[in-house]
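Counting from 10, one number per residue, gives the positions in the sequence shown under our numbering.
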Amino acid sequence: MSLAVTLSRAQEGAAAPQVVVEVHLSGGLPSTSIVGLPEAAVREARDRVRVAIQNTAFEYPSRRITVNLAPAELPKDGGRFDLAIALGILAAGSQVPRERLDDCEFLGELALSGELRPVPGILPALIRARRCGRRIVVPRANAAEAALVGEGDILLADSLAEVCAWLRGQGELASPATADLDTPPHGGPDMRDVRGQHQARRALEIAAAGGHHILLIGPPGTGKTMLAERLPGIMPAMTESEALESCAIRSLAGEPVDPADWRRRPFRAPHHTASGVALVGGGSLPRPGEISLAHNGVLFLDELPEFSRHVLEVLREPLESGQIAISRAARQATFPAEFQLVAAMNPCPCGYQGDPLHECRCTPDQVARYRTKISGPLLDRIDLCVEVPRVPIADLSAPRGPHDDDTATVRKRVVAAREKALMRAGQPNAELSVVNLERDCALPSAEREWLEGVLDKKGASARAYHRILRVARTIADIEGGPGCVEQVHLAEAMHYRRF
């Protein structure tokens, strides 16, 4: 029998669908053809594989070789299928045993010498193969990412010759070292570095506890960026599943993954000149953008009005759905994008409106044009809007007060509040559905009438009503007590709202 089957995995967005590599040897003039919707890099694999097999002291069959990559409708790109194709050819020619291929998957690009080169974006394939209960052989250069998934089901190899020796029972392949799941992320900037700004600190704690989006408004140099950089540190630690998801996105984007610091929440701060594709992802072969790289972490947009209006508008759907679907003529991909938005802006073009120490020279029309760069629908999706005023110079050198808690202290309160939400609804308060919101934020008649009256006067939308309830629910969780939402919680939540 001159038919052999090996298994590999393609890359399709954040998914890693299985690819069955079928190799058939038949009579006729010697030739090699690859079918199954291969891109140029995959079609070129026939030359890489042929030379690699010859340089590994195996015989390349002088027969007609047909390689089928199934399913046929799935586009295949890159050199990740080289190892699976080479092993299929060798197995079809009875140079390696076919039965050893049954429960294994193979990923790796072949050099002409037969050495294995790393595969970009390999982490989703490793996770998927492990869930399917199969062993997977990958290049040793991908050991750092393989260490995050665990040992046992993942094997590392340096060359085609080493893999063939293992299949023949003439050696063993190494397993990656397992990353320490209990190691906390490295320390980041501390909340105690922020002097003053007690209202902004309070809002940041609420945002971390409930997963709410926040907008910081203030003159230049008042600490908006300092506050944003400290949000990941006070957020609850990522679970193993969340950390793997975030690392998988970084792997797809070609960014290095550090096993020693893999549980740190992402913090992405793209420049305001970033394009819409850079922010949400795209390209002929769709790649994740900044919002996906911030998955399970923080996306910081400094100088928010300086971003293109078109770029800002593409954020509206991901803010609601937690994912981004990218469609191109030949490829479609979906990437997760459950990020927490932290935006910062000046109150006016010159930045000094309302500053007691600097005169604002902007006209009312200039201020209006500046603020209308942020659309109402986008602003409506931001739960907390906070003024960050100038801190007196004397306060910068004054002794820290009792409310200037460090990051560890604030994180304890945030974790306690988040655990209440998870026990009650299984999700952060910012993600509560309307049904769960009506159950968990049921208001007494007096509080409900008061809230409805205030919101009617302000012309609030239904989305604003629900978001105020979610923020009030988070404030109640932080404060503890009986657990019900009270009027004081509603009043503070509305104080953070821009109508």
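Even glycine gets a Cβ: it sits at the ideal position worked out from N, Cα and C.
Asked	Found
First through last residue of the beta strand (DSSP E) which encompasses I98	Counting along the chain, I98 falls outside any beta strand (DSSP E), though it belongs to the alpha helix (DSSP H) covering D91 to A101.
Alpha-carbon to alpha-carbon, E315 and T282	8 Å
The beta strand (DSSP E) enclosing I226, as first and last residue numbers	I223 to I226
Backbone secondary structure at E349 - three-state DSSP	Here the sequence assigns Gln to residue 349, which means Glu is not the residue at that position. Of the three classes helix, strand and coil, the one that applies to Q349 here is strand, per DSSP.
E488 - containing beta strand (DSSP E), residue span	Taken as a continuous stretch (DSSP letters only), E488 belongs to no beta strand (DSSP E), being part of the alpha helix (DSSP H) at A471 to E488.
Whole-number beta carbon distance between P295 and R325, since they are thought to touch under 8 Å	Between P295 and R325 the Cβ distance is about 20 Å, and since that is not below 8 Å, they are no contact.
Selection from T343, L135 and A218 that minimises the alpha carbon distance to G290	T343
Which of helix, strand or coil DSSP assigns to A186	coil
Buried or exposed by the 16-neighbour rule on C-beta atoms within 10 Å, applied to P228	buried
Collapsed DSSP secondary structure at M200 in the structure displayed	helix
Selected residue, minimal CA-CA separation from G130, among A257, V44 and N445	A257
Reduced DSSP secondary structure (H/G/I, E/B, other) of V32	strand
Cβ pair count under 8 Å reaching 3, the stretch 60-71 against the stretch 90-107	yes
Residue environment, K233, which counts as buried when at least 16 other CB atoms sit within 10 Å	buried
For H222 and V128, the rounded distance between their alpha carbons	36 Å
Residue from A252, G88, S317 and R211 with nearest C-alpha to A287	S317
Local conformation of T231 per DSSP, three classes	coil
Cβ separation of D414 and M200, assumed to be a contact under 8 Å, to the nearest whole Å	6 Å
Runs of beta strand (DSSP E) wholly within the stretch 350-407 (minimum 3 residues, chain order)	393-396
Inter-residue Cα distance where the pair is T483 and G87	46 Å
heavy atom of the ligand FAD below 7 Å from M235 C-beta	Absent from the structure shown: the ligand FAD. Ligands present: none.
Identity of the residue in R239, L135, L328 and C173 nearest R18 by Cα	L135
Alpha-carbon spacing of A13 relative to G263, whole angstroms	32 Å
Sequence-distant residues of its chain with Cβ nearer than 6 Å to D162 (five each side left out)	R139 and R144
Within 8 Å, strictly: CB atoms of L393 and Y505	yes
Residues bridged to F309 (per DSSP)	V351
C-alpha gap between R259 and V266, whole angstroms	7 Å
Backbone CA spacing between R52 and I43 [nearest angstrom]	6 Å
Residues bridged to V77 [DSSP beta-bridge criterion]	Just to set this straight, residue 77 is Asn in the shown sequence, not Val. Paired residue(s): E31 and V44.
Beta carbon proximity, E68 to chain D, threshold 8 Å	Looking at the structure shown, chain D is missing, and only one protein chain is on hand.
Identified DSSP bridge partners for C113	R144
Three-state secondary structure assigned by DSSP to P314	helix
Neighbour-count burial assignment, L313, 16 or more Cβ in a 10 Å radius	buried
The alpha helix (DSSP H) enclosing S301, as first and last residue numbers	E299 to L302
Cutoff 7 Å; reference C371; Cβ partners in own chain excluding five residues on either side	C357, P358, C359 and Q362
Cβ distance (whole Å) where A79 is taken to contact F115 below 8 Å	Contact flag wrong, Cβ pair sits at about 15 Å.
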